[in-house]
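Some notes on the structure that comes next.
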Amino acid sequence: MPPEGELAAVGPGRVSTGVAALDEILYGGLVPSRPYLIVGPSGTGKTTLALQFLCEGVRRGENCLLVTLEEPPNEMKTNHASLGPELDEVFVFDAIPDVMRYERAPFKDIATVRASTKFKDVGSEIRKTPELSSVEVTFTALEQTLKLEIARRHYKRLVIDSLTALQYFCMKGVDESLGAQSFLRFLSDLRITTVLTVESPLEDIETPERLLARGEVRLFRWELDGKTVRALGVEKLRGSPHDARLHPYRISGRGIDIQLDVTISRDTRELLLRGAETVPAPVLAPEPQLADLADGLSSLEQDLKDLATLGISFDPVRASVLRAVEDLKHGSLREASQAMRSARVEAVQAFTTHLKRDSDEAPGSTRRAAAAERLATRSADLRGGLPPTSAAGSPSVTAGLERVLALLTHPPSVASPAPPEEVALPPPVAPAKSRSRATPAAPTAVPPQVHPPAPSPTFVPAPPPREPAPPSLPESTSPPALPDSPGDELDPLGSPAGGEAVTERKETPVTADGAVIGPPPLPVVAERTVEPPGPATPGEPSAPPTTVPAPSPASVSADAGRPKLPDFPAPWLGPAPVMPAQEVPTAEEVDMVGIPPAAAPAPKRRRRSASTSSRRKQSVPAPSVGPDSVPAEAMAPPKPKKRAPRKKKAVPDATTVQETTPPEAAASPSDPPGPSGSRGEPPASLEASSDPILPGTASTVEPMNPAVAEPEPSSVEEIKEVGSDGAS
Amino acid sequence: MEPASPRVSTGVPGLDRMLGGGLLPGRPYLLTGGSGSGKSLLAMRFLVAGLEVGEEVLLVAVDEPPTEIVENVRSFGWDLSSVRTLDANPGVKAIKRMSDVQEIRALSDAKSMRDLSDPSKKAAEPDDISIQSIHLKLRQLMGKTKYARVVVDSISSIRRFAVKLSLDPQAERTEIQSLLRFLSEQGVTTLITATPGNPALLTAEEVLTRGEILLTRKWVGDRSIRQMKIVRMRGSAHDTERRPFTITQQGFQVG
Chain D
35 MPPEGELAAV GPGRVSTGVA ALDEILYGGL VPSRPYLIVG PSGTGKTTLA
85 LQFLCEGVRR GENCLLVTLE EPPNEMKTNH ASLGPELDEV FVFDAIPDVM
135 RYERAPFKDI ATVRASTKFK DVGSEIRKTP ELSSVEVTFT ALEQTLKLEI
185 ARRHYKRLVI DSLTALQYFC MKGVDESLGA QSFLRFLSDL RITTVLTVES
235 PLEDIETPER LLARGEVRLF RWELDGKTVR ALGVEKLRGS PHDARLHPYR
285 ISGRGIDIQL DVTISRDTRE LLLRGAETVP APVLAPEPQL ADLADGLSSL
335 EQDLKDLATL GISFDPVRAS VLRAVEDLKH GSLREASQAM RSARVEAVQA
385 FTTHLKRDSD EAPGSTRRAA AAERLATRSA DLRGGLPPTS AAGSPSVTAG
435 LERVLALLTH PPSVASPAPP EEVALPPPVA PAKSRSRATP AAPTAVPPQV
485 HPPAPSPTFV PAPPPREPAP PSLPESTSPP ALPDSPGDEL DPLGSPAGGE
535 AVTERKETPV TADGAVIGPP PLPVVAERTV EPPGPATPGE PSAPPTTVPA
585 PSPASVSADA GRPKLPDFPA PWLGPAPVMP AQEVPTAEEV DMVGIPPAAA
635 PAPKRRRRSA STSSRRKQSV PAPSVGPDSV PAEAMAPPKP KKRAPRKKKA
685 VPDATTVQET TPPEAAASPS DPPGPSGSRG EPPASLEASS DPILPGTAST
735 VEPMNPAVAE PEPSSVEEIK EVGSDGAS
Chain A
248 MEPASPRVST GVPGLDRMLG GGLLPGRPYL LTGGSGSGKS LLAMRFLVAG
298 LEVGEEVLLV AVDEPPTEIV ENVRSFGWDL SSVRTLDANP GVKAIKRMSD
348 VQEIRALSDA KSMRDLSDPS KKAAEPDDIS IQSIHLKLRQ LMGKTKYARV
398 VVDSISSIRR FAVKLSLDPQ AERTEIQSLL RFLSEQGVTT LITATPGNPA
448 LLTAEEVLTR GEILLTRKWV GDRSIRQMKI VRMRGSAHDT ERRPFTITQQ
498 GFQVG
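Here the protein sequences come in this chain order: D and A. Just so you know, we're using my numbering here: the first sequence kicks off at 35 and counts up by one. Just so you know, we're using my numbering here: the second sequence kicks off at 248 and counts up by one.
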């Protein structure tokens, strides 16, 4: 069994990558049964990372298979022995073609000649090509072989190392791009979580075959002042939002080690300490248990009462609760559960936001002080994550809801317009409120507020060291009463200025609601699009949230068996306000790009490296929109130095939450990497591609004239000048 | 775990340190650098280091005819007499071949450097210079002599001259893969030199070699600054920084 701490990073129904930090970046790990790519130049740790993924499977008792097309198993075993004893239990299939005979010799089908073995049974010497026959590996033969292997043994994890070698050496007579696409489709059909490594010298355009992967982790390497810098970024992850920023990492004998509290700007390559603005912790919500929703409701009730005592408005809470009600009416328990969680978080956020704004006020009465104290405690508790709740549909739920709604009907000081029937979901957002966007204190405006709080990031574990997600997801139901139990949500709250009192305020709270759900755990029914809000640049008016379709569950199950909720008073279910369609870049995108130095506000938040000025601005890696993503998504390229809000349409099918990087430059002029001449064009839906980014290339590659055969300077005269530098 | 195999010294102590002890035996490596960067010289040093520990070593000379190589290294005082060489240099005829596809007698039996002056040793087959022909030739040679180190200097030249193959990149890659695999199966530690090409194109040797050492040389005023760097090296912790080096009468001095 994996140690508790490790389990914690993995979201429900997700597959751990074997590297906890990467699971966090992925907001819970990989979505299972799909193919993923690890892309990067040679020597960046792709194989190592892929092996860590397999070792993790071994730790969980799964059968794991490595298909190696590049490095012989004996070398891999030696090279990666330090990853741990789990490696011994990984199955490896040697798919390296035999040495060519250049003579007529019988070819054998790879499947008849080779079989997978565990690493522990791999010898120390390289396998010798048999004398009498040789195996030429084609990708179709490999597909057949994999089918046989899988029939023999149920594998839960698969690694192909590397897709490049497959294209280079196993595509005889076939267009490499088409062959690779076919292979990836084959892998997708296998429904095994698969990782493929791809050698890619530059941060290049996404090739058609790569578009078939469900996600891509990219490893970068460049030189900085003679030193090598390594960075990792998740380029895309279909089906989930994720931290798309670059983080530095190292490779050691134990594997790769990612530094999460530092990010590297994608365009300027500056190091940016995350400090207060962190990526929201991953959604660690376990499967909603049939826990006691009533418990959550009673806490909410208490919180609302306290907020009322303190005169804090809680409009967003109302919105969430209404949403929950709607969900319950439709029988979508999961959504209702999420909505309730949002409500609870929002309630506490309303409190903390006010703390931040009115930290100097005296507490006032004892009653108020007590209320403030309770709320502060609640917020501290919730930093550990909300316990899972689930709308069990029990009578106590209904009663609890009624009480909560009653409280909401009589808020102390808020005059709000009729709540919308179709509630715009506070876009869960997540990722970090941009580092230093001096987000203006929001637009008060409209009920569902969605705004990143003012300068202070609201969701952030107070001290920079990221709080590891609370450990241990309960396997079974456990009373969720403890807020700190199983790492659930992402901590949306900054640490309250503990104990500071709050004054009466009569304005709508500004909440960073995004924090609420964080990236929605998308288990089966993820219908919601994550449309994180947030102004792109300081000074830009914060915009009202995007309209998101009301949670319409994929399956509106019949209500049979669900207790009916009472009809609520009409005002609660008034007409929906018209929400302008919002063009808001995701906070993740915002962060991803980093802030061009010129536009960056709040310099105190970032530490610029000394060599910033000398670094040339570099464009951003390729976007990761693939053919499977919602075609309606259009990206308007932002102007170079200014973050313009990007247009995003609400996406009905929210299984795809794309992190898109702002397309910056025109298509790469140079040849695509890899097999020459046979790369397809990226699909037309791709709006952007990147210039080949050549970090530090100027200094790494000697200028040369490839066209001319330049013999080594061999003149005897040069040799004679041995005193200085001899001839080469 | 079996004990780690002893490392293969490159002959340059500073580089061995950067490599974490030396190269891992039985694997192919890439040595990249522009012209004048010192890669052929470093490759020779690597072969000589093999001689120093009693190994049989072979040079596949494509860029320069072996005679020139001898000249180049004379000043260092390295004893090259036991370095065997396969003369795969296309020579003048290569130019002719570009215009009228003509076979060039490129390969010959491996000769000891000492015998190079003897012109009577002729090539056995009129082959094109190609990976395939080099591979086949090496097969013959390895059947007789167990070489522990082989240098191919340089693969870029082979690519340039193997016109036929450049028209079929798939075949070229497969042939390189096959050659390197063959050498590994023979337990040979192989060093391939190459000039850096288009950084966007990934060559087969980049994919197949287990490590890469890069030599650079840049000019500052009238002084040249040479640096070496381990770009990648599988299976071994290594220095990732660029280190300055010089070539003196004693050879390579790193740091």
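Think of the CB as a built atom: it goes at the ideal place given N, C-alpha and C, for glycine as much as any other residue.
Straight-line Cα distance separating residue j from residue i
i	j	result
residue 401 of chain D	residue 44 of chain D	41 Å
residue 64 of chain D	residue 321 of chain A	59 Å
residue 207 of chain D	residue 468 of chain A	51 Å
residue 81 of chain D	residue 305 of chain A	32 Å
residue 148 of chain D	residue 267 of chain A	34 Å
residue 222 of chain D	residue 70 of chain D	10 Å
residue 492 of chain A	residue 421 of chain A	36 Å
residue 232 of chain D	residue 203 of chain D	14 Å
residue 169 of chain D	residue 380 of chain A	21 Å
residue 280 of chain D	residue 72 of chain D	14 Å
residue 436 of chain D	residue 403 of chain D	27 Å
Unbroken beta strand (DSSP E) run spanning residue i, endpoints
i	result
residue 255 of chain D	249 to 258
residue 226 of chain D	Segment: none, residue 226 of chain D is in no beta strand (DSSP E) and carries neither H nor E.
residue 404 of chain A	Run containing residue 404 of chain A: none in the beta strand (DSSP E); it sits in the alpha helix (DSSP H), 402 to 408.
residue 114 of chain D	It is not in any beta strand (DSSP E) - residue 114 of chain D instead sits in the alpha helix (DSSP H) that spans 107 to 114.
residue 271 of chain A	Neither: residue 271 of chain A is in no beta strand (DSSP E) and is coded neither H nor E.
residue 157 of chain D	Looking at the DSSP string, residue 157 of chain D is not in any beta strand (DSSP E), and its letter there is neither H nor E.
residue 305 of chain A	304 to 308
residue 235 of chain D	From DSSP, residue 235 of chain D is part of no beta strand (DSSP E); its letter is neither H nor E.
residue 332 of chain A	331 to 334
Residue span of the alpha helix (DSSP H) that contains residue i, given as start and end
i	result
residue 292 of chain A	286 to 299
residue 346 of chain D	Note, residue 346 of chain D: premise wrong, no alpha helix (DSSP H); not H, not E.
residue 279 of chain A	Not the alpha helix (DSSP H): residue 279 of chain A falls in the beta strand (DSSP E), residues 275 to 280.
residue 276 of chain D	Note, residue 276 of chain D: premise wrong, no alpha helix (DSSP H); not H, not E.
residue 202 of chain D	197 to 203
residue 59 of chain D	54 to 59
residue 420 of chain A	416 to 432
residue 381 of chain A	378 to 391
Residue i - partner residues in DSSP beta bridges
i	result
residue 443 of chain A	For residue 443 of chain A, which the question treats as bridged, DSSP gives no partner whatsoever.
residue 64 of chain D	D:49
residue 34 of chain D	Residue 34 of chain D is absent from the structure shown; chain D starts at 35 and stops at 762.
residue 480 of chain A	A:458
residue 97 of chain D	D:189
Spatial neighbours of residue i in its chain, beta-carbon cut-off 6 Å, leaving aside the 5 residues before and after
i	result
residue 293 of chain A	257, 258, 438
residue 434 of chain A	273
residue 310 of chain A	400, 401, 404
residue 228 of chain A	Because chain A in this structure spans residues 248 to 502, residue 228 of chain A falls outside the shown range and cannot be described.
residue 408 of chain D	340
Contact set for residue i: own chain, Cβ-Cβ below 7 Å, skip 5 residues either direction
i	result
residue 79 of chain D	253, 285, 290
residue 188 of chain D	97
residue 116 of chain D	287, 288
residue 118 of chain D	89
8 Å Cβ shell around residue i - same chain, five flanking residues per side excluded
i	result
residue 463 of chain A	280, 281, 284, 473, 474, 475, 476, 489
residue 482 of chain A	271, 457
residue 219 of chain D	246
residue 409 of chain A	375, 376, 377, 378, 419
residue 226 of chain D	67, 184, 189, 190, 191, 192
Query raised in the report: Can at least three beta-carbon pairs, one atom from the segment 386 to 402 of chain A and one from the segment 282 to 300 of chain A, be found at a separation below 8 Å?
Result: yes
Query raised in the report: Are at least three pairs of beta-carbons, each pair with one atom in the segment 416 to 434 of chain A and one in the segment 250 to 262 of chain A, less than 8 Å apart?
Result: no
Query raised in the report: With a cut-off of 8 Å, do at least 3 Cβ pairs link the segment 261 to 276 of chain D to the segment 85 to 93 of chain D?
Result: no
Report task. Mind the definition here: the segment 270 to 288 of chain A touches the segment 464 to 484 of chain A only if three or more C-beta pairs lie below 8 Å; say whether that holds. Result -> yes
Query raised in the report: Does the segment 52 to 61 of chain D come close enough to the segment 292 to 302 of chain D that 3 or more CB-CB pairs lie under 8 Å?
Result: yes
Requested in this report: Determine, using beta-carbon pairs with one atom in the segment 127 to 134 of chain D and one in the segment 416 to 426 of chain A, whether at least three such pairs fall under 8 Å.
Outcome: yes
Query raised in the report: Is there contact here, the segment 373 to 383 of chain D with the segment 336 to 354 of chain D, by at least three beta-carbon pairs under 8 Å?
Result: yes
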